[in-house]
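Residue numbers (full-length UniProt numbering): 1 to 269.
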């Protein structure tokens, strides 16, 4: 992320929120002061440090206003079904996999009503999934399983269960790469894994995925590229970058890059 990318996202949040605060910084000037932040400000999300920082600023300002005897509530919203980026089924699926539980518009309005009429705390976090699931796996994609701040939310059933070992099992990509008898065979294995991941993210049939196409043709943006890259690093033991994913001429070319960099190939050949 460049400094320009960071500032482009954070400035509207910070400057806009501060302008509203300065206009209503006198006691009794408002009955309520509610800001819509994001659960990303609390739990984090790969490639969204700028967005998280803007939300964190609103969380801090809400607490400061309350400490000064002023009304202030920051609502850290998770994904809202059918609205904003969550309207994209692929993005919504990604958010659910990393531990964000989607809510609907009616629930948002109810939360807003409570924040206005019965403000209990200056910061309200909504939409983190406390149910058992792979998002509690410390070796997985989600921050929840790796951050001790969320230990109290972790269900007991998740201890020792987590998600499947990303490198275990006879049918895992790691096992297939270790057993590959040539680089060409390894490329085929990686290509199949990439296709399966894209199919899972965008909920499309494997038959619709052509490895001769560019990643962008399937809607792979920076957010999805992070998820795909993490999968390849974990399962193929290949040090590939988001740039490798985004700039590959074709998905087949990406598979070749991953196979060539895989530690399993260098060990077995």
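Each residue gets a CB set at the ideal place from its N, CA and C atoms; glycine is no exception.
Q | Cα-Cα separation, residue 201 to residue 260 | A | Stepping through the chain shown from its first residue, residue 201 is reached at position 201. Stepping through the chain shown from its first residue, residue 260 is reached at position 260. Using only the alpha carbons, I get a separation of about 25 Å.
Q. Who are the near neighbours of residue 282 in its chain, counting only those whose CB is closer than 8 Å to its CB and skipping five residues on each side?
A. The structure shown has nothing for residue 282, since the chain only spans 1 to 269.
Q.
Using only the alpha-carbon positions, how far apart do residue 178 and residue 254 sit?
A. In the chain shown, residue 178 corresponds to position 178, counting from 1. In the chain shown, residue 254 corresponds to position 254, counting from 1. Residue 178 and residue 254 have their alpha carbons spaced roughly 19 Å apart.
Q: List the DSSP bridge partners of residue 254.
A: Start at 1 with the first residue of the chain shown, and residue 254 comes out as number 254. BP columns for residue 254 are empty, so no partner.
Q: Starting from residue 10, follow the alpha helix (DSSP H) in both directions and report where the run begins and ends.
A: For the purposes of this step, residue 10 is taken as the residue at position 10 of the chain shown. Start and end: 3-23.
Q) Straight-line CA distance for residue 103 to residue 78? A) Stepping through the chain shown from its first residue, residue 103 is reached at position 103. Stepping through the chain shown from its first residue, residue 78 is reached at position 78. Each residue's alpha carbon lies about 7 Å from the other.
(Q) Assuming residue 55 and residue 34 are in contact, meaning their beta carbons sit under 8 Å apart, how far apart are those beta carbons, in whole angstroms? (A) For the purposes of this step, residue 55 is identified with residue 55 of the chain shown, where counting begins at 1. For the purposes of this step, residue 34 is identified with residue 34 of the chain shown, where counting begins at 1. Under the criterion of beta carbons closer than 8 Å, residue 55 and residue 34 do not qualify as touching, at roughly 14 Å.
Q. Residue 43 and residue 93 look like a contact to me (Cβ under 8 Å); what is the Cβ gap, rounded to whole Å?
A. On the chain shown, position 43 is the one that residue 43 refers to. On the chain shown, position 93 is the one that residue 93 refers to. Wrong, their Cβ atoms sit about 17 Å apart, outside the cutoff.
Q) Nearest-angstrom Cα distance between residue 52 and residue 80? A) Stepping through the chain shown from its first residue, residue 52 is reached at position 52. Stepping through the chain shown from its first residue, residue 80 is reached at position 80. Approximately 17 Å between the Cα atoms of the pair.
Q) Touching or not, the segment 234-253 and the segment 209-219, by the rule of three or more beta carbon pairs under 8 Å? A) Judged by Cβ distances under 8 Å, the segment 234-253 makes contact with the segment 209-219, as three or more pairs qualify.
Q) Anyone know if the C-beta pair for residue 226 and residue 242 falls short of 9 Å? A) To locate residue 226, count along the chain shown from 1; it is residue 226. To locate residue 242, count along the chain shown from 1; it is residue 242. Yes, they are a contact pair.
**Q.** Residue nearest to residue 224 in terms of C-alpha spacing, selected from 21, 173, 85, 116
**A.** In the chain shown, counting from the first residue as 1, residue 224 sits at position 224. Of the listed residues, the one whose Cα sits closest to residue 224 is 85.
Q) What do you get for residue 142, buried or exposed, if any count of 16 or more other CB atoms within 10 angstroms of its CB means buried? A) If you number the chain shown from 1, residue 142 lands on position 142. Buried, because 16 or more other Cβ atoms sit within 10 Å of the Cβ of residue 142.
Q: Give the range of the beta strand (DSSP E) segment to which residue 76 is assigned.
A: Translated into the one-based positions of the chain shown, residue 76 becomes position 76. Element bounds for residue 76: 73-77.
**Q.** Inter-residue Cα distance where the pair is residue 62 and residue 45
**A.** Within the chain shown, residue 62 is the residue found at index 62, counting from 1. Within the chain shown, residue 45 is the residue found at index 45, counting from 1. Rounded to whole angstroms, residue 62 to residue 45 spans 22 Å at the Cα level.
Q.
Relative to the C-alpha of residue 90, which candidate in 64, 198, 252 has its C-alpha closest?
A. For the purposes of this step, residue 90 is taken as the residue at position 90 of the chain shown. Per the C-alpha coordinates, the member of 64, 198, 252 positioned closest to residue 90 is 198.
Q) So what does DSSP say about residue 118, is it helix, strand or coil? A) Translated into the one-based positions of the chain shown, residue 118 becomes position 118. DSSP, read as helix, strand or coil, puts residue 118 in coil.
Q | Other residues of its chain near residue 88: CB distance less than 7 Å, five sequence neighbours each side excluded | A | Translated into positions along the chain shown, residue 88 becomes position 88. So no residue of the chain qualifies.
Q. Rounded C-beta distance between residue 206 and residue 195? I'm assuming under 8 Å.
A. As a position in the chain shown, residue 206 is number 206, starting the count at 1. As a position in the chain shown, residue 195 is number 195, starting the count at 1. For a cut-off of 8 Å, the C-beta gap from residue 206 to residue 195 is around 6 Å, short enough to register as a contact.
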